[in-house]
Amino acid sequence: MSRDFLIVDPEEDQAVLRAFASPARARILKLLRAGPLNVNDISTATGLPQSSVSANIQILEEAGLVRSENQRARKGTQKVCHTLFDEVLVTFKDPPRPSDSDTIETAMPLGLYTSCQVSAPCGLCSPHGVVGLLDVPDSFLDPGRMGAALVWFMRGYVDYQFPNNARLLGGDVAALEVAMELSSEVPGTSPDWPSDITVSINGIEIGTWTSPGDFGDKRGVYTPDWWKLKGSQYGMLKSFRVTPEGSFVDGVKISPVSIKDLSLADHRSIRLTVAVREDARHPGGINIFGRGFGNYDQDIILRVTARR
Numbered sequence: 262m263s264r265d266f267l268i269v270d271p272e273e274d275q276a277v278l279r280a281f282a283s284p285a286r287a288r289i290l291k292l293l294r295a296g297p298l299n300v301n302d303i304s305t306a307t308g309l310p311q312s313s314v315s316a317n318i319q320i321l322e323e324a325g326l327v328r329s330e331n332q333r334a335r336k337g338t339q340k341v342c343h344t345l346f347d348e349v350l351v352t353f354k355d356p357p358r359p360s361d362s363d364t365i366e367t368a369m370p371l372g373l374y375t376s377c378q379v380s381a382p383c384g385l386c387s388p389h390g391v392v393g394l395l396d397v398p399d400s401f402l403d404p405g406r407m408g409a410a411l412v413w414f415m416r417g418y419v420d421y422q423f424p425n426n427a428r429l430l431g432g433d434v435a436a437l438e439v440a441m442e443l444s445s446e447v448p449g450t451s452p453d454w455p456s457d458i459t460v461s462i463n464g465i466e467i468g469t470w471t472s473p474g475d476f477g478d479k480r481g482v483y484t485p486d487w488w489k490l491k492g493s494q495y496g497m498l499k500s501f502r503v504t505p506e507g508s509f510v511d512g513v514k515i516s517p518v519s520i521k522d523l524s525l526a527d528h529r530s531i532r533l534t535v536a537v538r539e540d541a542r543h544p545g546g547i548n549i550f551g552r553g554f555g556n557y558d559q560d561i562i563l564r565v566t567a568r569r
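Quick note on numbering: my numbering labels position 30 of the sequence shown as 291, and the sequence is numbered without any gaps.
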């Protein structure tokens with residue numbers, strides 16, 4: 262099971278430190294580590310009045326440490342509280358180090374793919390609702406896809422076309438990096454459901470990463486409350502990086518394909534293809550999480566770095 266942690270800088274994150282400054286709030290956070298609780302349960306466990314619990318929960322929410330949602334109860338609704346982090350590390354951040362590199366970063370919303378070919382089960386969601394029809398590949402052409410924040414399919418691919426910012430940087434390209442939140446796709450969820458996810462740049466396959474599963478043990482930090490809990494909740498943030506020495510995932514080499522092999526200077530754009538191949542050893546589908554879903558509030562990020 263993945264663990265979520267928060268790094269707090271005492272100079273920048275005063276609201277978080279103030280939230281921890283109360284023994285009552287610290288106890289509430291400790292209780293929530295074992296799982297979600299409603300306000301009444303927290304009141305019973307701590308011996309605090311419900312009004313005090315509600316006030317402390319509001320402070321924890323404002324500090325970004327707790328998320329609450331209203332759920333149906335036998336009589337009306339109940340407020341259920343979730344902790345967002347397993348660990349909190351307090352440390353002073355290092356000042357930025359000077360660098361002789363220049364980097365341009367581009368964020369691509371999930372729904373702005375330029376072409377696709379997918380098979381069911383498949384679908385798209387914006388932070389506000391389902392786009393088109395579930396398990397109907399033609400829904401990937403729905404104009405509402407422009408607001409998609411979650412995309413999933415069993416086999417096939419989606420293509421994204423980024424501007425070739427390598428031309429703007431000048432000099433030699435030192436690295437190209439793609440960062441995105443990914444998981445496998447299975448009806449329901451399963452932490453043990455491997456899937457081979459293949460990434461290509463300008464039609465050149467840089468390598469394959471095997472996702473271990475489709476995660477649904479708890480709601481994603483940014484996954485909206487309306488999304489069913491039995492659906493995919495979050496993924497793993499993966500960094501695919503191409504350098505002169507080869508291609509890497511999170512620092513682990515996956516192929517010998519280098520920056521030189523991509524011939525970036527010959528292309529007006531950078532085409533990213535994310536696929537689950539028909540001949541994959543583990544064809545376990547894919548979820549791509551964007552802003553408004555999952556544990557990382559970001560779209561697909563492309564970074565191009567040049568060394569002058």
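Built from N, CA and C at the ideal position, the CB exists for glycine as well.
Next item on the list: Please state whether DSSP places LEU443 in a helix, a strand or coil.
Entry: Working through the sequence shown from its first residue, we reach residue 443 at position 182. In this structure, LEU443 counts as strand in the three-state DSSP scheme.
Notebook entry, point to check: Given that a residue counts as buried once 16 or more other Cβ atoms are within 10 Å of its Cβ, and exposed if not, what is GLY474?
Noted result: Against the sequence shown, residue 474 aligns to sequence position 213. Buried, because 16 or more other Cβ atoms sit within 10 Å of the Cβ of GLY474.
Item checked: Extent of the continuous alpha helix (DSSP H) to which ARG328 belongs -> Start at 1 with the first residue of the sequence shown, and residue 328 comes out as number 67. Element bounds for ARG328: not the alpha helix (DSSP H) but the beta strand (DSSP E), 327-333.
Note to self: Using the three-state DSSP reduction, which class does PRO357 fall into: helix, strand or coil?
What the structure shows: As a position in the sequence shown, residue 357 is number 96, starting the count at 1. Because the pLDDT of PRO357 is 46, which lies under 50, any placement of that residue in the model is unreliable, and the question is left without a value.
Notebook entry, point to check: Mind checking GLU572: buried by the 16 CB within 10 Å criterion, or exposed?
Noted result: The requested residue 572 is not part of the displayed model; the chain covers only 262 to 569.
Next item on the list: Would you mind sorting LEU490 into buried or exposed? The rule is 16 or more other CB atoms within 10 Å of its CB.
Entry: Walking along the sequence shown from the start, residue 490 turns up at place 229. The residue in question, LEU490, is exposed, as its Cβ has fewer than 16 Cβ neighbours within 10 Å.
Check: Do you know how far the Cα of PRO398 is from the Cα of GLU446?
Finding: Here residue 446 refers to the residue found at position 185 of the sequence shown. Here residue 398 refers to the residue found at position 137 of the sequence shown. Taking the straight line from one Cα to the other gives about 15 Å.
Check: Can the beta-carbon of LEU443 be found closer than 8 Å to that of GLY496?
Finding: Along the sequence shown, one-based indexing puts residue 443 at 182. Along the sequence shown, one-based indexing puts residue 496 at 235. Yes. Within cutoff.
Notebook entry, point to check: DSSP on LYS521, reduced to helix/strand/coil?
Noted result: For this step, residue 521 is matched to residue 260 along the sequence shown. LYS521: helix per DSSP, three-state reduction.
Next item on the list: Classify SER304 as helix, strand or coil using the three-state DSSP reduction.
Entry: Against the sequence shown, residue 304 aligns to sequence position 43. In this structure, SER304 counts as helix in the three-state DSSP scheme.
Next item on the list: Report back the beta-carbon spacing between ARG564 and GLU438 to the nearest angstrom; my notes put them in contact at under 8 Å.
Entry: As a first step, residue 564 is located in the sequence shown; it is residue number 303 there, counting from the start. As a first step, residue 438 is located in the sequence shown; it is residue number 177 there, counting from the start. For a cut-off of 8 Å, the C-beta gap from ARG564 to GLU438 is around 4 Å, short enough to register as a contact.
Next item on the list: Check whether the Cβ atoms of ASN301 and VAL341 sit closer than 8 Å, and answer yes or no.
Entry: Here residue 301 corresponds to residue number 40 of the sequence shown, with the count starting at 1. Here residue 341 corresponds to residue number 80 of the sequence shown, with the count starting at 1. No, they are not a contact pair.
Check: Can the beta-carbon of ALA435 be found less than 8 Å from the beta-carbon of THR566?
Finding: Sequence index remark: in the sequence shown, residue 435 carries index 174 (1-based). Sequence index remark: in the sequence shown, residue 566 carries index 305 (1-based). Contact: yes.
Notebook entry, point to check: Can you tell which of GLU272, ALA324 and GLU273 has the C-alpha that lies nearest to the C-alpha of ALA287?
Noted result: Taking the first residue of the sequence shown as 1, we reach residue 287 at position 26. With distances taken between Cα atoms, ALA287 lies closest to ALA324.
Checklist line | Expected contact under 8 Å - CB spacing of SER493 and PHE476 to nearest Å | finding: Working through the sequence shown from its first residue, we reach residue 493 at position 232. Working through the sequence shown from its first residue, we reach residue 476 at position 215. 7 Å between Cβ atoms; contact.
Checklist line | Cβ-Cβ separation, SER530 to PRO424 (assumed contact under 8 Å), whole Å | finding: Locating residue 424 in the sequence shown gives position 163, where the first residue counts as 1. Locating residue 530 in the sequence shown gives position 269, where the first residue counts as 1. Their Cβ separation, rounded to whole angstroms, is 6 Å, which keeps PRO424 and SER530 in contact under 8 Å.
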